[in-house]
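This report concerns only the one structure given below.
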Amino acid sequence: MFRDPAPRLFHLPPGADFARGLVSGLRLRLTEQPPEAMARVTVYVNTTRMRRRVVEAFLEGGAGFLPRLRLLTDIAEGQPLPGVAAAVSPLRRRLELTQLISGLLDRQPDLAPRAALFDLADSLAGLMDEMQGEGVAPERIAALDVSDHSAHWARTREFLRIVTPFVSGAEAPDAETRQRLAVDGLTARWAADPPQDPVIVAGSTGSRGTTAALMEAVAKLPQGAIVLPGFDPHMPKETWDFLDDAMTGEDHPQFRMRRMMERMSISAEAIQPWVDVEPPSVERNRLISLSLRPAPVTDQWLREGRALTDLVEATKTVTLLEAETPRREAVSISLILRDAAERGVSAALITPDRMLTRRVAAALDRWGILPDDSAGRPLALSAPGRLLRHVAGLMGAKLASDALLTLLKHPLVFSGGDRGQHLLHTRRLELRLRRDGPAFPTGHDLRLWARARAEKREETGLVLWADELASWIETASAVEEGPLAALIERHLDLTERIARGTAEAGSGGLWEKEAGVEARALMESLQRDADAGGEVTPEAYRDLFEAVIARGEVRETVLAHPGILILGPREAREQAAEIVILAGLNDGSWPRLPEPDPWLNRRMRKEAGLLLPERQIGLSAHDYQIAIAAPQVVLSRAARDAEAETVPSRWLNRLTNLMEGLPEKRGPEALLAMRRRGAEWLALASALEEPTEAQRADPRLRAARRPSPRPPVAERPKELSLTRISLLIRDPYAIYCRYVLNLKRLDPLRHAPDAALRGQILHKILERFVRDRPENEMLPAAKARLMETAGATLEEMVPWPAARALWLARLARAADFFLAVDGRGGGTPVILERAGSVTVAPHDFRLIGTPDRIDRLPDGRLHILDYKTGSPPTQAMQKAFDKQLLLAAAMAERDGFPGLEASEVAQITYVGLGSNPKVEATEITPEITAEVWDGLRALVAHYADQSNGYTARRAVQKERFEGDYDHLSRFGEWDTTDPPTGDVVGRRR
C-alpha cells in the first residue's frame, strides 16, 4: 500500500468528511490489489461513532470487504498480558482512594470539605491515569522542588506518595495502566516481528501519551501510517516553531500535531494529504487559521491578512447569531434546524452547553422534531435516578415536610399498587402539612393524623397507608454509620419498598425501561465494589451516591430525526452535516475554563512532564477549527445569561477583531453580512413568540385591566378583624378574594422561621411572661424569667436550632428595653390575647379583634399595647392606614371587651422589639376615638354601597408590596396608575 519510507503521516483538512475521505484513500491505494486485500488492513479509530461512520462510508460504495476496524481504547482487549491482573473498575479505584483521602482530611481538615471527598478521589484517579498515560513515575512527582511553593503544594506532594502502590503496579492495575502495558507489549512485538500488512491509526491527534506512543510505533511499521484529522496546512513555519513550548502553545488547536511531528522528527511539509479532497471553503479555513494564531505572534495578522482573498466571499455561508438571552438563542437555533429538516438538509448542533441543548430540543418539540442527541439524558435526572437520590437524601436525616411530599409525589412511588389512593392520601396530607405542620413530620405524627381523620370520615385505607409510610420514615431516619455495603443494601431496600407500595412483592416500575436498567446496573456496580468503601456515614453516602450517579447517562430508544443531530464538541470531527451550528460560544462555556487541580499546580505539572490545564482548551480549539470549516456554519451566542452579561468566546473575539481590522479585504462588510443573516433568524424567533392577529383580537388574551369587582351587597363581608381594616384600606381586592370568593392563601410547602412565625412566637413568649408574673418581682429576676420563658417557648414551637439561637439572642438584646417599657405607667394586665367585638351601627357589620395586652392603670383607665417584631407604625401611618390600636381603643370605649365595660382608654402603645427597639405611644382622647370610629363607619358604608368596588392595590405602602392575590388580579398587566374597572360580579347583569 505504501512505497514511501517510514514514518508516514497524512492528513485530512478541516471541513473534509473524515470517514469518507479515509475510505476514499484506502480504496485509491488498493486499486490494483485484489478485493480481499482490504480485509488485511487494520484501522484503529478513536470512537465507536467514528467506526460506525467508516462502515457507512464503505457501504456507500457497494458490496466489498471491510478492513479490521478496532478502537484505540480497546487495545488491551484480547492482548496477552502475562502476570497482569484484570483491570480494577474505575469505581473501585475511586472508593479505595476515598479511604486514603478521608484519612488525609482527618489530619488536615483545612485541605477541603468532606462533601468533596469523592470529587477529590475522582480528580486523584484522573491524575493517576494521566501519570500512566504520560509515562510519569511517582518518583518524578516526589522529586519535585516545592521550596518556593506554598505549604499546600508541599503537603499534597507528600500525600501523593501514598498512591505510589497504585501506580507502581503493587496493586491491581486500572484500565489506563493496562492500556499502557498493552501498548508497550504490542510495540515490543512489532519491533521484533513487524507486521507486513497495512496498519493505520486514523482520527486521533495523540493527545494522550499512550495513544501517541502507539501512533509513533504504527508510523514506523513497514506498512504503517497515521491519518491526522483537522491538520492546518496554512500555518507558516514560524508559527509551527513557536508551538515548541507547552507553556505558551498548549491551548493552540495544532499543538498536538506539533508534538507528533517532534516524536517523528519530521516537519509540517512531510505530512501529506491522505487524499486529494478540497474543504468546503479553503479561503475561510485560511481566515480561521490566521485568527487562531498564538497570542504572541498575532502580528502575523497584519502581514498575512493582506494575502487573504475577499472576506465577503469567504464568509458568505457563515452566520453570526448574537441573541439577547439563552432562550432567544435556543428558539433561533430551533428555527434553523426546522428549516433544515423541511428542506431535507442535514444539520448538527454542536455545543458543550447541555442546558442549551435541552432548550433547543424543547423548542423543536412544538413541531414534532426529535433530534438525535448523542449525549442522551443524565441518569440523575431520570425518574429512577431522582427517586434513588431522594431516598439517599432522607437516609439518616431529619425529614422535612417538603422533602416528604417531594418523595410521595414522585411518579414511581407506589407504582406497584394503589397509586390512585396513594395520590389521594398524599393530597390530604399535603394540605394538613401546609396548614398545621409540623415542619419535620415523624412517623408518630402521621399515625396520629391518619387515625384522627379516619375516625371522623371512616377512611380505613388511610390508616393502612399512613402506617406503611410511617414505618418507612422510621426505617430511613434510623440509618446510621456502617459499612458501605450495608448502606447500599438499605438504600436499595428503602427505594424498592416505597416504589412497591402496597403490592406484596416487586419494585413497581423502578427498574423498568432504559433508565431503570441503567439505574439497576449502577446500583449493582456499587454493590460489587462496596467492600472497598469502608465505613461511611449517611451524609458521606449521600455525597458519594450523588457524585456517582451524576456521571451516569441514559440513551433511550427513540425514533429521532435522522438529519437533525445534537453533538458534543469532541464529535465535531466525526460529523458530516451540511449545516453546523456552533452554539454557546461564550468564554467559560466554550471553551470551558480549566478545572482547578487540588494536587499539582501548573508549574509542577510542567516540571513533572504532565499535561497542562490548557490542554483541554487546545483540544476544544481543534474541535472548533474542524467544525467551523463545514459547508454552512452558524456561530451563536447569548449576550446575557441568567445572572449577568457574558463574554464572547476567545475564538469568536479573535475572528471578529481580525475581520474588523481588514477593511481592505472588506472584513467589516463581511462581518456585518454575517450579523445580518443572524438578525434574520432572531427576527423570526421574535415573531414566533409574538401573538398572532387572531390572538391579538381574542379578548381573553388582552392585557387585564385593574380590577375593582362589585359583588352583591349581601355577599360582602359582615365581619372583619382589627388587622383586616388596614388591608381593606390598602388592598380592598384582597378582602374581596378572601371573604367573598373564600379563597385562602395556600401555606408554603416548606415551613421556615419567617417573620410571621417570629411574631407569633414573640407574642406567645410575652403572653406567658406577663400571665405568670409573681408579685413584687425585681428586675433581675424578671429578666431571668423572661429569658427562661423565651427559651422554653422556642424549644417547644421552633424546630430550627439556628433560628432558636438567633431569636433568643435578639430578645436578649431587647430584654432590658422591654422590661423598662413593661413597668412604665404602673398598669396591671387585665386582658391577654382575649377576643372582643362590637357592632358598627347602623350597618349590619361587626368589628372583632384580639389585642395583645390591655392594662388597667392606677387611675382606672385602660392602656392598650401591641408588640411588633419590626418597626412600629408612625403616627401618620396610624392615622391613615394602620388603625389597629386606635380601633381597639374605640372598641373598648364601646364595651367591646367583656369585663372592661364603662372603661375609658388613656393610651395606646406600639412596642417595637426589632433590631432598633422603639415605642410609639399615643394619648387617647374622646375626640380621637370619635374620629376613628366615624372613619370606620364611613369605610363600612362605602363598601355597603353596590356601586363601590374592591379596587386592587388601592393604597399600598410600597410598590414592592406583594399581595396574596396579585396573581389573581393579574398585576403586572396593569399598574397602580391605571384607573380601576368596576365590574359587577356575582349576579346576572
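Note that this note's numbering has the sequence shown beginning at 41, numbered continuously upward.
Glycine residues also receive a C-beta, built at the ideal position from the N, C-alpha and C atoms.
query: Does the segment 154-168 come close enough to the segment 134-142 that 3 or more CB-CB pairs lie under 8 Å?
result: yes
- prompt: Quick one: what's got a C-beta closer than 8 Å to Gly416's C-beta in the same chain, skipping five residues either side?
  reply: Glu593, Val594, Arg595 and Glu596
- prompt: Is the beta carbon of Phe50 less than 9 Å from the beta carbon of Pro334?
  reply: no
- prompt: How long is the line joining the alpha carbons of Arg1029 and Arg740, rounded to whole angstroms?
  reply: Since pLDDT at Arg1029 reaches only 48, below the 50 mark, its modelled position is unreliable, and the value read off the structure follows with that caveat. Whole-angstrom Cα-Cα distance: 19 Å.
field: Candidates Arg298, Leu781 and Ala242, of which the one nearest Leu283 by Cα
entry: Arg298
- request: List the whole-angstrom C-beta distance separating Pro708 from Met699, where the pair is believed to meet the contact cut-off of C-beta under 8 Å.
  value: 7 Å
message: Less than 9 Å between the C-beta atoms of Pro631 and Ser689, yes or no?
response: yes
field: Where Trp407 falls, given that 16 or more other Cβ within 10 Å makes a residue buried
entry: exposed
Beta-ladder partner(s) of Pro747, from DSSP: Thr1021
Residue from Gly863, Pro636 and Leu419 whose Cα sits closest to the Cα of Ala590: Leu419
message: So, under 8 Å CB-CB, Ala152 and Pro638 are touching, yes? Tell me the CB distance rounded to an integer number of Å.
response: 7 Å
- prompt: How big is the Cα-Cα spacing for Thr1016 and Arg994?
  reply: 7 Å
field: Exposed unless 16 or more other CB atoms sit within 10 angstroms - verdict on Met300
entry: buried
field: Cβ-Cβ distance between Ala212 and Ala126 below 9 Å
entry: yes
query: For Thr82, which of helix, strand or coil comes out of DSSP?
result: strand
query: For His601, which three-state DSSP category applies?
result: coil
- request: List the whole-angstrom C-beta distance separating Leu361 from Leu722, where the pair is believed to meet the contact cut-off of C-beta under 8 Å.
  value: 7 Å
Neighbourhood of Thr962 by C-beta distance below 6 Å, restricted to the same chain and skipping five residues each side: Ile948
query: My guess is that Tyr990 and Pro749 are in contact by the Cβ rule of under 8 Å, so how many angstroms apart are they, rounded?
result: 6 Å
query: What separation, rounded to the nearest whole angstrom, lies between the Cα atoms of Asp162 and Phe480?
result: 35 Å
field: Start-end ranges of the alpha helix (DSSP H) lying completely within the segment 495-563, minimum 4 residues
entry: 500-517 and 524-540
query: Excluding five sequence neighbours on each side, which residues of the same chain lie with their C-beta closer than 7 Å to the C-beta of Thr909?
result: Ala795, Arg798, Gly799, Leu802, Leu953 and Gly954
message: According to DSSP, is Gly1012 part of a helix, a strand, or is it coil?
response: coil
- request: Determine contact between the segment 829-841 and the segment 930-944, defined as no fewer than three beta-carbon pairs at a distance below 8 Å.
  value: no
message: Going by DSSP in three states, Val780 sits in which element: helix, strand or coil?
response: helix
query: Starting from Arg48 and walking both ways along the alpha helix (DSSP H), at which residues does that stretch end?
result: Note, Arg48: premise wrong, no alpha helix (DSSP H); not H, not E.
task: Write down the C-beta distance between Ser441 and Leu789 rounded to the nearest angstrom, noting that I regard them as a contact closer than 8 Å.
output: 7 Å
task: Find the nearest neighbour of Ile538 within the set Leu605, His462, Gly573 and Ala587, judged by alpha-carbon distance.
output: His462
- request: Can you tell me which of the three DSSP states Arg1029 falls into?
  value: Low confidence applies to Arg1029: its pLDDT is 48, below 50, so where it sits in the model is not reliable, and the reading given next is rough at best. Three-state DSSP puts Arg1029 in coil, outside helix and strand.
query: Which residues in the same chain have their Cβ closer than 6 Å to the Cβ of Gly574, if we skip the five residues on either side of it in sequence?
result: Gln139
- prompt: In the DSSP assignment, what residue or residues form a beta bridge with Ile894?
  reply: Ile871 and Ile904
message: When you compare the CB positions of Leu584 and Leu524, do they come within less than 9 Å of one another, or not?
response: yes
- request: Note down, one range per segment and in chain order, each alpha helix (DSSP H) of at least 4 residues found wholly within the segment 118-162.
  value: 130-147
message: Give me the DSSP bridge partner(s) of Pro814.
response: In DSSP, Pro814 forms no bridge with anything.
Thr359 vs Val674 beta-carbon contact at 9 Å: yes
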